[in-house]
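I have placed the structure first, in the form of structure tokens, so that the comments after it can refer back to it.
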Amino acid sequence: MSDEKGVERQSAPSPARDSLDFRSDGKAAVDTVDVFEERPDHDFHYKTLSWQFISLLMIAEIVSNGMLSLPSSLAVVGIVPALILIVFLGVFGLYTAKLLIDFKLNHPGVHNMGDAGFLIGGPVAREVLSAGTIIFAICGVGSELLSGQQALSVLSDNGLCAIYLTLIFAVATLVVALPRTLDRLSSMGMFSALLITISGVVAMIGAGRNPTPGRVVNATIPTNFYQAFLAITNPVFAYAGHFMFFILISEMRRPQDAMKAAWCLQGFATLFYAVFAVVVYVYIGNTVASPALLSLPPVWAKTTFGIALGNFLIAGGLYSHTAAKLVFVRLFRHSRHMYNHTVLGWLVWTLLCVAAVGVAFVLAISVPIFSYLIGISAALFASWYTYGIAGFFWLHDAYHLKGGYAAWRNEKFQATLAFLTILAGAFICVAGTYVSIKLIADAYRDGIVGKPFTC
Numbered sequence: 001m002s003d004e005k006g007v008e009r010q011s012a013p014s015p016a017r018d019s020l021d022f023r024s025d026g027k028a029a030v031d032t033v034d035v036f037e038e039r040p041d042h043d044f045h046y047k048t049l050s051w052q053f054i055s056l057l058m059i060a061e062i063v064s065n066g067m068l069s070l071p072s073s074l075a076v077v078g079i080v081p082a083l084i085l086i087v088f089l090g091v092f093g094l095y096t097a098k099l100l101i102d103f104k105l106n107h108p109g110v111h112n113m114g115d116a117g118f119l120i121g122g123p124v125a126r127e128v129l130s131a132g133t134i135i136f137a138i139c140g141v142g143s144e145l146l147s148g149q150q151a152l153s154v155l156s157d158n159g160l161c162a163i164y165l166t167l168i169f170a171v172a173t174l175v176v177a178l179p180r181t182l183d184r185l186s187s188m189g190m191f192s193a194l195l196i197t198i199s200g201v202v203a204m205i206g207a208g209r210n211p212t213p214g215r216v217v218n219a220t221i222p223t224n225f226y227q228a229f230l231a232i233t234n235p236v237f238a239y240a241g242h243f244m245f246f247i248l249i250s251e252m253r254r255p256q257d258a259m260k261a262a263w264c265l266q267g268f269a270t271l272f273y274a275v276f277a278v279v280v281y282v283y284i285g286n287t288v289a290s291p292a293l294l295s296l297p298p299v300w301a302k303t304t305f306g307i308a309l310g311n312f313l314i315a316g317g318l319y320s321h322t323a324a325k326l327v328f329v330r331l332f333r334h335s336r337h338m339y340n341h342t343v344l345g346w347l348v349w350t351l352l353c354v355a356a357v358g359v360a361f362v363l364a365i366s367v368p369i370f371s372y373l374i375g376i377s378a379a380l381f382a383s384w385y386t387y388g389i390a391g392f393f394w395l396h397d398a399y400h401l402k403g404g405y406a407a408w409r410n411e412k413f414q415a416t417l418a419f420l421t422i423l424a425g426a427f428i429c430v431a432g433t434y435v436s437i438k439l440i441a442d443a444y445r446d447g448i449v450g451k452p453f454t455c
């Protein structure tokens, strides 16, 4: 049945029904019911976002910390290899985004990576990918908390204990995460994207006006595999936002427009990353720090950190929201607690947000190697969510929707790309994990690991 505008309507599902189930033959299936219903009597309306606002939320989340470490990659391998890698990974990320979006459009009931894992690998894959999403999101919250603490420390000239600054920022992050629907965060997403852009522009101006005397700038730098891949991890993980694409797209008015948001995100991120990394590196040279803002003179560092602070806050709230939303939908999918004000619904939602921020806060202040653990989580999960798993999505849908192995043979080029995408994800996962573990070992060997709960 359709309305006068030709938009298909779907019958309302049973309140207790999950959009994921098993066929009698044991194969996972997603029925045609969208993960979110839209009815006039609902208090919460989820499918409200335009592709423009989705792209701004993506930029706010991905470009947040991503750009700040890129100039240091140029200091390890040189301008040319790093620039090629930044552009290549941007294009590669756009390709995998298309595969994720196509998969979502084919399976409207998929809300997150766990749901997608249920389709392609059954219950075990669902739990692994769900857990991975939550772990990576919480690590993302912790990363933003550390960035916020660092910004506040710079702004206050270390005037307050770092633990207290982190706690202050964590409370503010929780407030941002609490709205139940993403449309409440969309206007903040626009503000956040603007802030990180302005911060980057101001940082480039600051670097240009205060170049490092006697700086060394290299087009290429010979290096070993460990150092090279250590540099590669920065641009790889700078694009690590695909893990929340399903959740964002699920709240679009027209999921069919999601590719427009992906084009906007990847186009902006790739261009901005490349320009920012090259400009800052050219004026600072091989001594550029990570994050790059620490290489600027104090006044410029305070200015750029002050501008970026709002972005760190909103990105942290978005990561927290993502972790909480995955569990909340898992618990209450198609129930009244999803769509109406209920004591249980609000209690569970609030506890989930508090848990996401609280766990990230405790990890950030109590685990001296937490920044390294963020790298491990990115290697283990972001390598697959951003790149590798997209190949599985294409192979699954081509097999089940286009005629089995014959579809793979008929589309040899696309099938080859899908297999190469899986291999790329596996390589990044293994090599990234190795590099992160070696970094931890080197940090302990060099005695640079701090103590927990210290200012």
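UniProt numbering puts the first residue of the sequence shown at 1, with every later residue one more than the last.
A virtual CB, placed ideally from N, CA and C, is assigned to each residue, including glycine.
L49 sits in a strand when the DSSP states are folded into three classes. With a beta-carbon spacing of about 26 Å, G117 and F370 fall beyond the 8 Å limit used to define contacts.
Three or more beta-carbon pairs separated by less than 8 Å are not found between the region 332-340 and the region 124-139, which leaves the two stretches without contact. Counting only runs of 4 or more residues that sit fully inside the region 250-288, the alpha helix (DSSP H) segments are 258-284, in chain order. Residue state for P211 is assigned as coil, using DSSP reduced to three classes.
Here DSSP, grouped into helix, strand and coil, assigns N158 to coil. Between A292 and V280, the gap from beta carbon to beta carbon is short of 8 Å.
Your pair T166 and F305 does not check out as a contact, with CB atoms roughly 15 Å apart and the cut at 8 Å.
Secondary structure of V110 (DSSP, three-state): coil. Pairwise C-beta distances place the region 69-85 in contact with the region 222-239, as three or more of them are shorter than 8 Å.
Between E144 and Y319, the CB-CB gap stays under 8 Å. Going by C-alpha positions, G450 is about 14 Å away from L439.
Contact check between the region 105-120 and the region 388-399: three or more CB pairs, one atom from each, fall below 8 Å, which counts as touching. The shortest CA-to-CA distance from V77 to any of F225, T48 and W263 is the one to F225. The criterion of a C-beta distance shorter than 8 Å is satisfied by S192 and A60. Under the three-state reduction of DSSP, G142 is assigned to helix. Selection G189, V124, F392 and A151 evaluated against P298 yields A151 as nearest (Cα-Cα). Comparing C-alpha distances from W384 to each of I422, W349 and Y405 shows the shortest one belongs to I422. Inter-residue distance for P255 and C455 is about 46 Å (C-alpha atoms, whole angstroms). Cβ-Cβ distances below 6 Å link L99 to A390, F393 and W394 in the same chain, with the five nearest sequence neighbours on each side left out; the list follows chain order. DSSP, read as helix, strand or coil, puts Y434 in helix. Going by C-alpha positions, H337 is about 12 Å away from H45. Within the region 188-247, the runs of alpha helix (DSSP H) that reach at least 4 residues and sit entirely inside it are, in chain order, 225-238. CA-to-CA, the gap between G345 and T48 works out to about 20 Å. Between I86 and T233, the gap from beta carbon to beta carbon reaches 8 Å or more.
Across the structure, N210 and K260 are spaced so that their CA atoms are roughly 38 Å apart. Note on geometry: alpha-carbon atoms of L347 and A355 lie some 12 Å from one another.
Relative to A378, the option among H341, F243 and K412 whose CA is nearest is F243.
The Cβ atoms of G189 and I314 sit closer than 8 Å to each other. By the neighbour-count definition (other C-beta atoms within 10 Å, threshold 16), C161 is an exposed residue. Between C429 and L373, the CB-CB gap reaches or exceeds 8 Å. Excluding sequence positions up to five before and after Q227, its CB lies within less than 6 Å of the CB of V76, all in the same chain and listed in chain order. Around the Cβ of H107, a 10 Å sphere holds 16 or more other Cβ atoms; the residue is buried. DSSP places E38 in the coil class of the three-state scheme, outside both helix and strand. Here L146 is buried: its Cβ has 16 or more other Cβ atoms, across all protein chains shown, within 10 Å.
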